[in-house]
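**Q** full-length UniProt numbering puts the sequence shown at residues 1 to 131.
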Amino acid sequence: MASPGTRSTAAAEGGQGQTLLEWIACARTVVVGDVTEVAPSGKGRLEVGLDVEEWIKPPRGDHKITMDVVDPGVAQDRPPIEERTRVLVVLPRKADQAADTFEGGQLTQYRSAIIAALDDAGRTTCPQPWN
Numbered sequence: 001m002a003s004p005g006t007r008s009t010a011a012a013e014g015g016q017g018q019t020l021l022e023w024i025a026c027a028r029t030v031v032v033g034d035v036t037e038v039a040p041s042g043k044g045r046l047e048v049g050l051d052v053e054e055w056i057k058p059p060r061g062d063h064k065i066t067m068d069v070v071d072p073g074v075a076q077d078r079p080p081i082e083e084r085t086r087v088l089v090v091l092p093r094k095a096d097q098a099a100d101t102f103e104g105g106q107l108t109q110y111r112s113a114i115i116a117a118l119d120d121a122g123r124t125t126c127p128q129p130w131n
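1) Tell me which residue opens and which closes the beta strand (DSSP E) that A116 is part of.
2) If you draw a straight line from the alpha carbon of A27 to that of K43, how long is it in whole angstroms?
3) What did DSSP end up calling I56 once you bin it into helix, strand or coil?
4) Throw me the rounded Cβ distance for the D34 and R111 pair, which I believe falls under 8 Å.
5) Please list the segments of the alpha helix (DSSP H) lying wholly inside the stretch 15-48, counting only runs of 4 or more residues, in order along the chain.
6) Sort out for me which residues DSSP pairs P92 with in a bridge.
7) Leaving aside the five residues before and after R7 along the sequence, list all residues of the same chain whose C-beta is less than 7 Å from its C-beta, in chain order.
8) Just the Cα atoms here: how many angstroms apart are T66 and R78?
9) Of the residues E82, P92, D71 and R45, which one's Cα is nearest the Cα of P58?
10) Can you tell me which of E54, I115 and P40 puts its alpha carbon nearest to the alpha carbon of V48?
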């Protein structure tokens, strides 16, 4: 999988990518928190509970959320979502698209990049096929 926000890398790998601003614009939810629960919720999907430490997009929300996401085991090259893990979650608008999750150093790197680009992403249109 190409790194999110790197259209040229995705194109080189034979796919269609997004710029960083498009990736953020196409996200419904961006949060940092601790995974409290992971359970199957349907064919190829998981229900993931999260204690939210920080809301990035939208800027605020509940302290505890449950997300119904594509099982990373179904999506190629995606790490599993595990309980008791601190993660950055970038949840796309479309329910059939896999969420991006980051831990450790990647969490810090992507969180900083998203926050720095958030205002510009707010003025960016989410292109097809992601909207």
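A virtual CB, placed ideally from N, CA and C, is assigned to each residue, including glycine.
**A** Quick look at the numbers:
1) Run containing A116: none in the beta strand (DSSP E); it sits in the alpha helix (DSSP H), G104 to A121.
2) 23 Å
3) strand
4) Wrong, their Cβ atoms sit about 15 Å apart, outside the cutoff.
5) 20-25
6) A27
7) The predicted position of R7 is uncertain, since its pLDDT is 49 and thus under 50; a value taken from the coordinates is nonetheless stated next. Here the set comprises G17, Q18 and T19.
8) 20 Å
9) P92
10) P40
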